[in-house]
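Visitor: Chains as they are written, first to last, in our numbering: chain A, 28 to 482; chain B, 28 to 482.
2 protein chains.
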Amino acid sequence: MEAQDKEDKARVLALLQEALVDGTPEQVSRAVKDLHPAQLADLLESLPAEDRARLWKLTDSSVKGDILVEAHGEVRRQLIEESALDELADAVKRLDLDELSDIYDELPPEVIEAVQRAMDGQRRTRFEVVRTYPEHTAGGLMDVDAISVRPDVTLRMVLNYLARYRAEYRQMPEHTDAVMVVDLGGRYLGSLALTDLVSLDPEEKVQDVMDRKAEPVTADATAAHVARLFQDRDLVSAAVVDEQGKLIGRITVDDVVDFIREEAEHSVMATAGLDEEADTFAPAIASARRRAIWLGINLVNALAAAWVISLFDHTIDRLVALAVLMPVVASMGGVAGMQSLTLVIRGIALDQVKGANRWQLLKKELSVGAINGILWALAVGLITSLWFENFNLALVFGAALTLNLLAGVATGTLIPMALQRLRIDPALAGGVILVALTDAFGFFVFLGLAATFLV
Amino acid sequence: MEAQDKEDKARVLALLQEALVDGTPEQVSRAVKDLHPAQLADLLESLPAEDRARLWKLTDSSVKGDILVEAHGEVRRQLIEESALDELADAVKRLDLDELSDIYDELPPEVIEAVQRAMDGQRRTRFEVVRTYPEHTAGGLMDVDAISVRPDVTLRMVLNYLARYRAEYRQMPEHTDAVMVVDLGGRYLGSLALTDLVSLDPEEKVQDVMDRKAEPVTADATAAHVARLFQDRDLVSAAVVDEQGKLIGRITVDDVVDFIREEAEHSVMATAGLDEEADTFAPAIASARRRAIWLGINLVNALAAAWVISLFDHTIDRLVALAVLMPVVASMGGVAGMQSLTLVIRGIALDQVKGANRWQLLKKELSVGAINGILWALAVGLITSLWFENFNLALVFGAALTLNLLAGVATGTLIPMALQRLRIDPALAGGVILVALTDAFGFFVFLGLAATFLV
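#1: What is the C-beta distance between D170/A and T51/A, in whole angstroms, given that I count them as a contact (C-beta under 8 Å)?
#2: Flag this pair as touching only if the region 369–378 of chain A and the region 349–361 of chain A have three or more C-beta atom pairs under 8 Å; answer yes or no.
#3: Looking only at its chain, what residues have a beta carbon closer than 8 Å to the beta carbon of V138/A, apart from the 5 residues adjacent to it on each side?
#4: Taking C-alpha atoms, which residue in Q258/B, G300/B and T203/B lies nearest to A266/B?
#5: Please classify Y160/A as buried or exposed, where buried requires at least 16 neighbouring CB atoms within 10 angstroms.
#6: Threshold first: 4 residues or longer. Then list the alpha helix (DSSP H) segments lying entirely within the region 139–175 of chain A, N to C.
#7: Is the region 308–320 of chain A close to the region 392–405 of chain B, with three or more CB pairs under 8 Å?
#8: In this structure, how does DSSP classify R255/A when only helix, strand and coil are distinguished?
#9: Got a sec? Which residues, its chain only, sit under 7 Å from L42/B by beta carbon, not counting five neighbours each side?
#10: Of the residues V362/A, G100/A, A65/A and N325/A, which one's Cα is nearest the Cα of T429/A?
#11: So what's S73/B in DSSP terms, helix, strand or just coil?
#12: Would the beta-carbon of E72/A fall within 7 Å of that of V96/A?
#13: Check the Cβ of S294/A against every Cβ in chain B and list those closer than 8 Å, keeping chain order.
#14: Got a sec? Which residues, its chain only, sit under 6 Å from F154/B by beta carbon, not counting five neighbours each side?
#15: For the alpha helix (DSSP H) containing S358/B, list its first residue and its last residue.
#16: Quick one: which chain A residues come within Cβ less than 9 Å of L441/B?
#17: Determine the DSSP secondary structure at T440/A, reduced to helix, strand or coil.
#18: Could you compute how far the alpha carbon of L122/B sits from the alpha carbon of S128/B?
#19: Counting only the same chain and skipping the five closest in sequence on each side, list residues whose C-beta sits under 8 Å from that of L274/B.
#20: With DSSP collapsed to three states, give me the class of L42/B.
#21: What does the Cβ neighbour count give for Q31/A, buried or exposed, with the cut at 16 atoms within 10 Å?
#22: Counting only C-beta atoms, is T429/B closer than 7 Å to chain A at any point?
#23: Using the beta-carbon of each residue, which ones in chain B are nearer than 7 Å to W83/A?
#24: Is it buried or exposed, I336/B, if we count other Cβ atoms within 10 angstroms and call 16 or more buried?
#25: Counting contacts by CB-CB distance shorter than 7 Å, is K391/B in contact with chain A?
#26: Can you find a CB in chain A that lies within less than 7 Å of the CB of A266/B?
#27: Evaluate the contact criterion for the region 434–450 of chain A versus the region 459–474 of chain A: three or more CB pairs, one atom per stretch, below 8 Å.
#28: Distance check for D228/A and Y188/B, CA to CA, integer angstroms please.
#29: Which one of E133/B, L388/B, I343/B and G166/B has the shortest CA to CA distance from F473/B?
#30: Among L346/A, A348/A, D340/A and L349/A, which residue has its Cα nearest to the Cα of A348/B?
#31: Sorted by chain position, which residues of the same chain lie with C-beta nearer than 7 Å to L85/A's C-beta, five sequence neighbours on each side aside?
#32: How about F418/B and V407/B: are their beta carbons less than 7 Å apart?
#33: Please classify F480/A as buried or exposed, where buried requires at least 16 neighbouring CB atoms within 10 angstroms.
#34: For A467/B, count neighbouring Cβ atoms within 10 angstroms of its own Cβ and tell me buried if that reaches 16, exposed if not.
#35: Give me the subset of the region 435–459 of chain A whose CB atoms are less than 7 Å from a CB atom of chain B, sorted by chain position.
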């Protein structure tokens with residue numbers, strides 16, 4: 028199935044690129060017909076910028092709004108730039124309010140004005156509620172189209188209400204797996220699952236069968252908290268309430284899935300100093316500029332380590348084997364430290380590292396460092412004795428390796444804890460700080476020991 | 028909300044550890060009452076092994092099955108070991124078949140026997156179907172409790188059928204957002220959304236309102252394909268069919284969310300050579316043993332780089348500044364390469380890198396490397412001229428830096444493409460191979476140029 032899927036995609040891409048080079052617009056349209064907006068967005072992201080612009084021009088306007096929502100950062104910006112203003116306004120008017128909110132700030136002012144004009148009073152009020160909350164909060168994730176009923180009505184009355192709702196709005200809110208139960212003041216009381224609604228006696232009252240344990244989230248809860256809740260409780264949707272407990276919307280699992288995916292991408296990309304919105308096929312100049320900063324930071328670190336080495340240039344001058352072996356000490360400390368760092372960052376993300384745990388964890392990581400330090404010190408000691416026929420050098424090398432492994436695991440454990448307190452993203456800054464420390468310390472301890480005991 | 032949640036958790040943990048140290052079993056139970064199985068699993072994972080064992084003994088048997096499903100690798104193994112056989116059999120008998128299947132192989136033989144004995148004929152047949160498929164396929168993710176109806180009945184008849192189903196089984200299958208429509212031979216035709224069932228005219232026929240576009244997945248589709256499909260189409264559930272198109276089960280979004288989370292963890296942990304099931308609070312010896320292998324691989328690489336340096340020990344002997352600067356060359360190539368590597372691994376995961384794209388991407392990454400190489404070569408050249416007052420050294424340093432940056436982005440781009448062909452996980456092996464190459468090449472090109480032009 029997957030293989031087939033990939034083949035399909037490669038075929039579509041081949042057909043499409045051929046059509047874009049020397050085909051008619053009809054051939055292009057034929058190549059991408061039947062594709063879902065998410066697949067089209069994906070395809071647009073896989074194309075170089077010029078082909079992307081041409082395919083966009085030929086894309087059916089009715090799906091352009093959904094494609095913009097699915098597309099990532101720079102690709103989205105390009106597509107918005109390439110669109111005619113009136114067409115763009117038409118495309119985004121039809122979006123769900125939470126989706127509109129996600130791309131709203133990137134739209135040109137003329138389009139925003141047109142969208143605002145097209146909203147009726149209720150829709151504008153609701154949109155303003157959605158806009159109040161930052162993107163990565165429950166309020167930012169929520170839809171405002173929750174269906175709500177009173178607790179003292181029967182299931183039959185609910186069914187009738189839903190039939191009227193359907194007749195009026197032509198469709199039900201997406202991912203409705205439950206209707207919300209609220210009191211006269213609009214306060215959230217619980218939820219009535221559709222599975223109950225379709226299978227229980229229609230004469231039952233809502234208050235007797237509703238799920239009172241379906242806890243709501245408050246609008247200012249973080250998206251990470253919401254994601255955890257959905258994952259732990261296997262939810263499809265959850266009610267969102269304000270500080271007074273009044274129902275203001277609901278979050279559905281599809282938005283949570285998108286958030287989880289984005290977070291996962293972020294944590295992988297940040298460790299290499301990349302923006303998760305970086306366009307794989309961006310122009311080289313744009314990519315180079317963004318990455319130059321990261322390389323510059325690493326250059327400063329590397330030069331700091333070089334300065335440490337330069338303090339011992341007389342020592343190296345007398346025993347050049349030190350220059351041969353010193354990168355080994357630095358690199359092993361870095362690798363051991365990255366293991367601790369990765370483990371602790373994950374522990375923090377899973378909320379398992381806190382309070383008294385911290386010291387247990389540090390103690391454990393130090394033990395791991397000591398065990399592996401001694402183990403590999405013996406190995407490299409043996410190798411060095413044979414290679415350079417210098418037992419004292421082997422002793423110094425082994426001791427420095429053990430010390431740098433210990434320094435690596437200690438800093439790897441403590442850095443994310445400290446960064447968390449300072450509210451700095453450990454995925455972004457952790458590795459850089461760690462390698463700077465293990466490099467400098469590795470060179471210092473190895474060359475320092477050598478200067479003291481060997482030459 | 029999140030802050031409050033964290034405080035709650037810290038409070039529970041503090042209360043619990045106090046109770047575990049010198050409290051009665053009642054105090055322990057009180058500290059963890061009201062916690063959901065996923066939260067209990069999380070709490071158990073946050074405790075040191077002895078406390079974990081004591082809390083497990085005091086945990087209510089009715090939730091032990093769900094906790095085992097939620098717990099990760101080593102913690103799960105410990106909890107299974109600490110359980111009495113009959114209690115364990117009782118706990119897992121109640122699980123959903125797909126959940127039972129996930130932990131089945133870790134259960135002791137006596138428990139497996141007891142579980143098998145307790146299954147009735149239908150359940151055993153269904154379980155055997157689930158067990159046929161590997162864990163990371165649609166078949167391995169699916170539940171076998173799909174409700175299905177014929178296309179020629181009315182919605183009212185479906186409602187009556189669901190009422191009878193509910194009366195007989197006391198509950199509906201989890202996450203039922205739609206009932207499946209099948210023909211007389213059991214072949215999947217489409218799905219009937221509950222939102223339609225509750226809001227359309229009950230006299231309508233299923234075949235007139237069912238969603239024929241709700242495509243099924245085949246049981247052997249990979250979990251990654253399923254995750255993509257759920258994400259692209261915003262699905263809550265999907266039908267699973269066999270090769271003949273017969274309905275055999277359904278996949279629900281909660282299992283897809285778990286898969287996405289696991290994949291994300293894997294890609295972060297693998298880059299540091301860690302197993303995503305590694306227990307953060309595992310005993311030091313166990314952790315040290317697992318990580319030693321990774322350190323050993325890196326040691327071999329570091330020694331290979333050291334060997335490259337040793338080829339030029341006479342050169343270094345004559346100009347010790349080379350020893351000072353050479354780690355800078357190696358490290359910058361590694362950092363630039365990691366950026367390309369991370370970007371390409373992500374592009375492959377998102378299925379954006381294929382066919383003609385590959386060469387465009389390589390060309391682009393080489394351009395990025397060249398731009399940044401020249402930029403930082405000028406910077407380090409200037410710094411070196413001033414620091415060592417040696418213009419020729421600055422020239423060699425700058426040239427080596429540019430060449431190693433180019434080598435870094437080229438290997439960073441090509442390695443994941445090659446590993447993908449060889450079916451090796453690029454997240455696990457990519458970084459190691461890259462750093463081995465950029466270190467060795469960095470030292471070689473810098474010291475080699477110096478040997479040729481400087482000394």
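Even for Gly, the Cβ is constructed at its ideal location relative to N, Cα and C.
Guide: On the basis of the data shown:
#1: Taking the first sequence and counting its residues from 1, one reaches residue 170/A at position 143. Taking the first sequence and counting its residues from 1, one reaches residue 51/A at position 24. Taking a contact as a CB-CB distance under 8 Å, the pair D170/A and T51/A does not count as one, their CB atoms being some 41 Å apart.
#2: With the cut-off at 8 Å, the region 369–378 of chain A and the region 349–361 of chain A do not touch.
#3: Counting from 1 along the first sequence, the entry for residue 138/A is found at position 111. Taken in chain order, the residues that qualify are L112, L115, A116 and V119.
#4: As a first step, residue 266/B is located in the second sequence; it is residue number 239 there, counting from the start. Checking every option, the nearest Cα to that of A266/B belongs to T203/B.
#5: Position 133 of the first sequence, counted from the start, is the residue given in the question as residue 160/A. Under this definition Y160/A is a buried residue.
#6: The qualifying runs are 148–159 and 165–168.
#7: Output reads yes: the region 392–405 of chain B touches the region 308–320 of chain A.
#8: Looking up residue 255/A in the first sequence gives position 228. In the displayed model, R255/A falls within a helix according to three-state DSSP.
#9: On the second sequence, residue 42/B is found 15 positions in, with the first residue counted as 1. Excluding positions up to five away in sequence, the list reads A58.
#10: As a working note, residue 429/A is residue 402 in the first sequence. Looking at the Cα atoms, V362/A is the closest of the given residues.
#11: Locating residue 73/B in the second sequence gives position 46, where the first residue counts as 1. Looking at S73/B - three-state DSSP - the assignment turns out to be helix.
#12: To locate residue 72/A, count along the first sequence from 1; it is residue 45. To locate residue 96/A, count along the first sequence from 1; it is residue 69. No, the pair does not count as a contact, with Cβ atoms beyond the cut-off.
#13: Here residue 294/A corresponds to residue number 267 of the first sequence, with the count starting at 1. Within chain B, A291 and V295 have C-beta atoms less than 8 Å from the C-beta of S294/A, given in sequence order.
#14: By one-based count along the second sequence, residue 154/B stands at place 127. The beta carbon of F154/B sits closer than 6 Å to the beta carbons of L124 from its chain, once the five residues preceding and following it are set aside; these are given in chain order.
#15: Here the question's residue 358/B lines up with position 331 in the second sequence. Start and end: A348 to A376.
#16: Counted from its first residue, the second sequence places residue 441/B at position 414. In chain order: nothing, as chain A lies at least about 15 Å away.
#17: In the first sequence, the residue the question calls residue 440/A occupies position 413. Three-state result, T440/A: helix.
#18: Against the second sequence, residue 122/B aligns to sequence position 95. Against the second sequence, residue 128/B aligns to sequence position 101. Each residue's alpha carbon lies about 9 Å from the other.
#19: By one-based count along the second sequence, residue 274/B stands at place 247. Cβ neighbours of L274/B beyond the five flanking positions: A173, S175, M207, V209, G213, R214, Y215, P243, A266, V267 and V268.
#20: By 1-based counting over the second sequence, the position of residue 42/B is 15. Per DSSP, reduced to three states, the secondary structure at L42/B is helical.
#21: The sequence position of residue 31/A within the first sequence is 4, counting from 1. The predicted position of Q31/A is uncertain, since its pLDDT is 49 and thus under 50; a value taken from the coordinates is nonetheless stated next. Result: exposed.
#22: Within the second sequence, the letter at position 402 stands for residue 429/B. Look at T429/B: its C-beta is not under 7 Å from any C-beta on chain A.
#23: Start at 1 with the first residue of the first sequence, and residue 83/A comes out as number 56. The contacting residues do not exist; W83/A stays about 17 Å from chain B at best.
#24: Translated into positions along the second sequence, residue 336/B becomes position 309. Answer is buried; the Cβ neighbour count reaches 16.
#25: For the purposes of this step, residue 391/B is taken as residue 364 along the second sequence, with counting starting at 1. Residue-level contact check: K391/B touches chain A, since one or more beta carbons of chain A fall below 7 Å from its beta carbon.
#26: Sequence index remark: in the second sequence, residue 266/B carries index 239 (1-based). Taking Cβ atoms only, chain A never reaches closer than 7 Å to A266/B, which makes this a no.
#27: Contact annotation: the region 434–450 of chain A touches the region 459–474 of chain A, with at least three C-beta pairs closer than 8 Å.
#28: As a working mapping, residue 188/B is identified with position 161 in the second sequence. As a working mapping, residue 228/A is identified with position 201 in the first sequence. So the alpha carbons of these two residues sit roughly 12 Å apart.
#29: Translated into positions along the second sequence, residue 473/B becomes position 446. Cα-wise, what sits closest to F473/B is I343/B.
#30: Sequence index remark: in the second sequence, residue 348/B carries index 321 (1-based). The shortest Cα separation from A348/B among L346/A, A348/A, D340/A and L349/A belongs to D340/A.
#31: Sequence index remark: in the first sequence, residue 85/A carries index 58 (1-based). Correct list, in chain order: P52, V55 and S56.
#32: For the purposes of this step, residue 418/B is taken as the residue at position 391 of the second sequence. For the purposes of this step, residue 407/B is taken as the residue at position 380 of the second sequence. Contact: no.
#33: By 1-based counting over the first sequence, the position of residue 480/A is 453. Burial call: exposed.
#34: Counted from its first residue, the second sequence places residue 467/B at position 440. By the neighbour-count rule (16 or more Cβ atoms within 10 Å), A467/B is buried.
#35: Cβ contacts with chain B come from no residue of the region 435–459 of chain A.
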